[in-house]
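These notes concern the structure reproduced below.
Chains as they are written, first to last, in the working numbering: chain P, 197 to 659; chain G, 197 to 659.
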């Protein structure tokens, strides 16, 4: 008798029709009369449940009839196709083994729970419809990203999580230590004596793998990272987490146009992949989370992304006659309200904004001919705003050093990064995609806490 | 004119024969006479170089002739198949653009460098043959692992890196904090006041995602993790790093036999994948790093893994007549010398050792009928020793709680883990594969520092 996943049955029910098979899973619903009963079983391999019919001729009919939901079962039976019923088939049980009986106070009863409540039972919420769908889509999206880059010969690079340098000087970082906090050693100058710490110096959690990825791109031409990054920002919003995953491709012999082409191809690839491989989940999100989601994503896959310079975009915003909370002038950073107006109301599709003022961008971005802007790009998408940020990198050593000085960085700390320019540097570019932002975009979920298995945010590191 | 990666040319040279193409890459070697010259160019997409021929009719012939190695170039030319020469084809340049000239003091000159030296230039070492091969294989292995699990419908789960609990009570952990180290806040009892820290409590870097993965396996049936894990162990060996990546599958409705089957299938899949997708790299390792490597790996793919209980293995070791540094008695943990003897000399193939004494294993492993051993397994492989450790998990809540008490763990800290048994728990199992160990095994590299892009070890967090 073949042991099957529920997904295998849904994807090949003709093959298994009238066959005796075995499945395992958890009870989602159960109703029974004196003579027979129905169980909706979910095994997590598939969004939908499979209906099991059981009759009083089973030895343990009475026991089964009274099982609390979420109990785990193994069921042997015949798969019967039911063309006239709501469900396409059902499993007529010949044997039901109770693997583990649930307590009756199971916190995920059938009634609809708020996402807020479900966060307090993050160990159980993947058993609900919404989170079962979210985390299956998260897995598929991750794989789609790997497949996209591997097919193109990109080298997946694990850049370090623990870093000895405040890479981009970006944001607040988490410090890592094995020192005894109740007795921190001090040196002669009454400063913390990091020489006694595990790495013999101050270390933190990475905020970006980009600089390390650049060193690999200048050996392998095309590389990407996919790993966790960290920000100790004290912002308690639905869009920020202290721990999140990021994808950072880096390509050599490539400029900003190549970079945008890559970002567009990647976004289309992963959206298509998820829509093809998780149609039931996407249908669910479209119906219950974000109406219009599928249409919007289809639009993305089939449109050519727009492109506008920052300077032009500011002009459009200033002339729009629209009242923004933050007024726009050349030189200011674009806010989400501006980004969404551009992508949703002006261009009505994903939009690259390019060539930002250098003052609001990082030191490593390539300075344009005008001396005022840099070869940067942000990808804005309807419903979210910025989802990708990238740039061509400054490959000219003298200009890079001048920019580091302007930004108050210590060149000695970046000796190896500068050497990449010294020994056969070349034009190169890259971008960063926040993985959770991508999942929110693809699923329509609006809080980052609801697309991370066990989220870490200000004041919260539960489970 | 088509822009190509060197790999595309090697894998499809018939298609591009006599075509005009463009490639980019870095000079590995260059020799020139007055009339013509040869450049070996590597673009990182492929292990091998491509030979470029250039002649004095090029405008910049003299400039090109004098270029230092590691300078970056873009070359346009005709691909000429050379059946009688050492290399299968060469690119006759019609145009060579210097993208970035290298300084002449490039530290990776052609002579062979020691791996120790190359660690000091980790930003440049991927441009050497050995590390170019290592990191390409690392990338392919990572993808093979994802593909293996995704094909079987496993859900890739990102378990948290920052953790509020000393999960398994295992090993030394790194603490994470945003407190001011020069002024740590203390509470009334003169203890560190973690309520003022970012997460409002003491937090560390994860040593394993297993417990969180179990919660997902009890929703999705089959899941896996693939992420960084950390150990603050003060061991300065060639096998230990403070930061390393781990793969941890977890399967529900499965016992120890299913677990071993999965581990065996996975190992065979990834080895096969790498041998098929990186034959040039594997040939290189076989010739220059570890003679006999390919034969050994072929043996693994084609053999059925052995299986022996710990009790029987101890018996074999005690009767072997061999003098071990650490004598063997029932109850002791097996050392690498014992493991290697078993797998290399007794069984001569990969070997699962099962059913270890519970005293030397973790609290979550399922206690066997005998009450003395647990349903654990280690996979030992020739040349390395242990590469995988796994177990069936204790699904019986009462026995699990008793084991936690025995191990001195606080049950309250594990409330959610215990609830997994309460609400439809079922037999389940899983294992952990150290990713770097797997890379060492597949490449024959003997120091873990040489399979990690920028390794973190005691006293060292450079780059």
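Cβ atoms here follow ideal geometry from the backbone N, Cα and C, with glycine treated the same way.
Subject >> Strand pairing of residue 617/P, partner residues [DSSP] >> reply: Answer is none; residue 617/P lacks a bridge partner.
**OP:** Look at the alpha carbon of residue 273/G and the alpha carbon of residue 587/G, and state the distance between them as a whole number of angstroms.
**Re:** 58 Å
**OP:** On a CA-only basis, which of 637/G, 230/G and 232/G is nearest residue 464/G? Give me that one, please.
**Re:** 637/G
Subject >> Per-residue DSSP class, three states only, for residue 295/G >> reply: strand
**OP:** Tell me whether the beta-carbon of residue 369/G lies closer than 8 Å to the beta-carbon of residue 407/G.
**Re:** no
Original post:
By DSSP, does residue 649/G sit in helix, in strand, or in coil?
Top reply: coil
Original post:
With a cut-off of 8 Å, does the C-beta of residue 299/G fall near any C-beta of chain P?
Top reply: yes
Subject >> Assigned exposure category for residue 519/P - 16 Cβ within 10 Å defines buried >> reply: exposed
**OP:** Taking 8 Å as the threshold, find out whether the region 443-460 of chain P comes into contact with the region 471-490 of chain P through three or more Cβ pairs.
**Re:** no
Subject >> Contact between the region 380-392 of chain P and the region 294-305 of chain G (3+ Cβ pairs under 8 Å) >> reply: no
Subject >> Among 508/G, 343/G, 609/G and 552/G, nearest to residue 347/P - alpha-carbon criterion >> reply: 343/G
Subject >> Secondary structure of residue 232/P, DSSP reduced to three states >> reply: strand
Original post:
With distances taken from CA atoms, which of 321/P, 489/P and 449/P is nearest residue 589/P?
Top reply: 449/P
Subject >> Sequence-distant residues of the same chain with beta carbon closer than 6 Å to residue 397/P, five excluded per side >> reply: 360 and 390
Subject >> Per-residue contacts from residue 198/P into chain G (C-beta, under 9 Å) >> reply: By Cβ distance, chain G contributes nothing, its closest Cβ being about 14 Å from residue 198/P, past 9 Å.
Subject >> CA-to-CA distance, residue 623/G to residue 302/G, given in whole angstroms >> reply: 58 Å
Subject >> Proximal residues to residue 640/P (C-beta, below 6 Å), its chain only, five neighbours per side dropped >> reply: 481, 485, 486 and 489
Original post:
Comparing the C-beta of residue 286/P with each C-beta of chain G, is any distance below 8 Å?
Top reply: no
Subject >> Reduced DSSP category for residue 364/P - H, G, I as helix; E, B as strand; rest coil >> reply: Confidence is the limiting factor: at residue 364/P the pLDDT is only 49, short of 50, which leaves the residue's position unreliable, though a coordinate-based value still follows. Residue 364/P falls in the coil class under three-state DSSP.
Subject >> Bridge partner(s) assigned by DSSP for residue 424/P >> reply: 441/P
Subject >> Own chain partners of residue 239/P with C-beta closer than 7 Å, once the 5 adjacent residues on each side are dropped >> reply: 201, 202, 219, 220 and 221
Original post:
So, are the CB atoms of residue 352/G and residue 335/P less than 8 Å apart?
Top reply: yes
Original post:
Which residue comes first and which comes last in the beta strand (DSSP E) that contains residue 239/G?
Top reply: Per DSSP, residue 239/G belongs to no beta strand (DSSP E) and is neither H nor E.
Subject >> Nearest-angstrom Cα separation, counted from residue 614/G out to residue 602/G >> reply: 16 Å
Subject >> Sufficient close CB pairs (3 or more, under 8 Å) joining the region 549-564 of chain G to the region 572-587 of chain G >> reply: yes
**OP:** Please list the residues of the region 238-259 of chain P that have a C-beta atom closer than 8 Å to any C-beta atom in chain G, keeping them in chain order.
**Re:** 239, 240 and 241
Original post:
How would you call residue 445/P, buried or exposed, if buried means at least 16 neighbouring beta carbons within 10 angstroms?
Top reply: buried
Subject >> Inter-stretch contact (C-beta, 8 Å, three-pair minimum) for the region 208-215 of chain P and the region 275-289 of chain P >> reply: yes
Original post:
For residue 632/G, is the classification buried or exposed, using 16 other Cβ atoms within 10 angstroms of its Cβ as the cut-off for buried?
Top reply: buried
**OP:** Report yes or no: do the region 502-516 of chain G and the region 530-548 of chain G share at least 3 C-beta pairs separated by less than 8 Å?
**Re:** yes
Original post:
Going by other Cβ atoms of all chains shown within 10 Å of its Cβ, with 16 needed for buried, is residue 561/G buried or exposed?
Top reply: buried
**OP:** Please state whether DSSP places residue 572/G in a helix, a strand or coil.
**Re:** strand
Original post:
Does any C-beta atom of chain G lie closer than 8 Å to the C-beta of residue 320/P?
Top reply: yes
Original post:
At which residues does the alpha helix (DSSP H) containing residue 495/P begin and terminate?
Top reply: 489-498
**OP:** Measure from the alpha carbon of residue 290/G to the alpha carbon of each residue in 545/G, 262/G and 256/G, then state which is nearest.
**Re:** 256/G
Original post:
Which residues of chain G have a Cβ atom closer than 8 Å to the Cβ of residue 412/P, listed in chain order?
Top reply: 322, 331 and 649
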